[in-house]
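Trainee:
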Amino acid sequence: MTVPVIAIDGPSASGKGTLAARLAEKLGFHYLDSGALYRVVALRALRMGVAPADGAQLAELARTLPVSFRDHAVLLDDEDVATAIRTEEISMLASGVAVFPAVREALLARQRAFRRAPGLVAEGRDMGSVVFPDARVKVFLTASAEVRAQRRYKQLIDQGLPANIDALLQELRARDLRDSQRAVAPLVCAPDAILLDTTGLDPESAFAVLERIVQGH
Ligand code: C5P
27 MTVPVIAIDG PSASGKGTLA ARLAEKLGFH YLDSGALYRV VALRALRMGV APADGAQLAE
87 LARTLPVSFR DHAVLLDDED VATAIRTEEI SMLASGVAVF PAVREALLAR QRAFRRAPGL
147 VAEGRDMGSV VFPDARVKVF LTASAEVRAQ RRYKQLIDQG LPANIDALLQ ELRARDLRDS
207 QRAVAPLVCA PDAILLDTTG LDPESAFAVL ERIVQGH
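Take 27 as the starting number for the sequence shown in this note's numbering and just add one per residue.
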C-alpha cells in the first residue's frame, strides 16, 4: 500500500509552513519543509564561497549535504541553522539555487525519503507537480503579496530579525517572479490542485478550511 502524501504548494509567506506543520502534527504524519533544503544549500554555498552561478558545484553540494531535521531543528553537520536559513539574504539565494535542474534533481531522492508510514505532509513549490505527483491531496495555498509581506514582516520581527516592510514586498515579488518563471518545476497551481486563498483568513480559519479539504479526500 502506498503511503499517503498531502502536498501543499504555494508562494513564499503564504502561510503554508505553519499550516502544513500543524496539519502533520494533527494527523500524526511526517512533515517535509522542502524549502529548508534549498535554503541549507544556499547557506552552505555562501559559507563555502561557491558562486551563485556555478550550477555544477551547487548540485554537488546538494548531493553531499550533511543535513538532518529533528523536531524544530535543522542540523547542518551538528549546527542548528533553523534561524540562520530564514534571513532575506538566504531567501533570495535559495530561490537562485533552486533554478538549477541539477540541484533540484540532487534533492529529489532526499525529499522522497520523507515518505514514510503513516503519511507525509510535504510543503514547497513542486510537491504536487514533481516530487509527489501521486499525492492524495494537492493544495495550492496563496494570498495577496501585500498580506504575505505583512505576515513575513511579523515572522521576522518575532524572531528578532531585522525587517523592512517595503523591502520585503519588493523581494517577495522578485522571488515570486523568479519561482514562477523558471524553466524547471516552476511555481504553478497544478490542474489537479485545490486553490486555497488565505488573503482574508486568519490562521485558525485557514486551518479549518485546509482540514475540510483534506477530510474530503
Ligand atoms: O518555501 P521557502 O520560502 O522556504 O523556499 C525557499 C526557496 O526555495 C523558494 O523561493 C524557492 O525558490 C525554492 N523552493 C523550490 N522548490 C521547493 C521549495 C522551495 O524551488 N519545493
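Backbone N, C-alpha and C fix where the C-beta goes; we use that ideal spot for every residue, glycine too.
Just so you know, these numbers come straight off a predicted model, no measurement behind them.
Output yes or no for whether 9 angstroms exceeds the beta carbon distance between Val107 and Leu72.
Mentor: The answer is no: Cβ separation not under 9 angstroms.
Trainee: Answer with buried or exposed for Thr168, where buried requires no fewer than 16 other C-beta atoms within 10 angstroms of its C-beta.
Mentor: By the neighbour-count rule (16 or more Cβ atoms within 10 Å), Thr168 is buried.
Trainee: Under three-state DSSP, which class holds Ala108?
Mentor: Coil, per DSSP.
Trainee: Give me the Cβ distance between Pro145 and Phe55, rounded to the nearest whole Å; I'm assuming they're in contact under 8 angstroms.
Mentor: Reading off the sequence shown, one finds Gly at residue 145, where the question assumed Pro. Going by Cβ atoms, the distance from Gly145 to Phe55 rounds to 4 angstroms, so yes, they are a contact pair.
Trainee: Does the distance from the C-beta atom of Val165 to that of Asp35 stay below 9 angstroms?
Mentor: Yes; because the gap between Cβ atoms is below 9 angstroms, this pair is in contact.
Trainee: Could you tell me whether the Cβ atoms of Arg151 and Asp205 are closer together than 9 angstroms?
Mentor: In this structure, Asp205 lies closer than 9 angstroms to Arg151 by Cβ.
Trainee: Pair every Cβ in the region 76–93 with every Cβ in the region 121–130, then say whether three or more of these pairs are closer than 8 angstroms.
Mentor: The region 76–93 is in contact with the region 121–130.
Trainee: Got a sec, what are the start and stop residues for the alpha helix (DSSP H) Ala245 sits in?
Mentor: Any property of residue 245 remains undetermined from this structure, which presents the chain solely from 27 to 243.
Trainee: Give the range of the beta strand (DSSP E) segment to which Val147 is assigned.
Mentor: Leu146 to Gly150 is the span of the beta strand (DSSP E), which, as asked, contains Val147.
Trainee: Determine the DSSP secondary structure at Phe140, reduced to helix, strand or coil.
Mentor: Looking at Phe140 - three-state DSSP - the assignment turns out to be coil, as it is neither helix nor strand.
Trainee: The ligand C5P heavy atoms versus the CB of Val147: any closer than 8 angstroms?
Mentor: Val147 Cβ: outside cutoff for every heavy atom of the ligand C5P.
Trainee: Can you tell me which residues form a DSSP beta bridge with Val163?
Mentor: Paired residues: Ile32.
Trainee: Does the beta-carbon of Leu203 have 16 or more other beta-carbons within 10 angstroms, so that it is buried, or is it exposed?
Mentor: Result: exposed.
Trainee: Which residues mark the beginning and the end of the beta strand (DSSP E) in which Ser94 is found?
Mentor: Its beta strand (DSSP E) spans residues Val93 to Arg96.
Trainee: Unbroken alpha helix (DSSP H) runs of length 4 or more, entirely within the region 53–82: which are they?
Mentor: Listed in chain order, the complete alpha helix (DSSP H) runs (minimum 4 residues) inside the region 53–82 are 60–74.
Trainee: Please go through the same chain and pick out, in chain order, the residues whose beta-carbon is closer than 6 angstroms to the beta-carbon of Ser155, but skip the five residues on each side of it.
Mentor: Around Ser155: Ala216.
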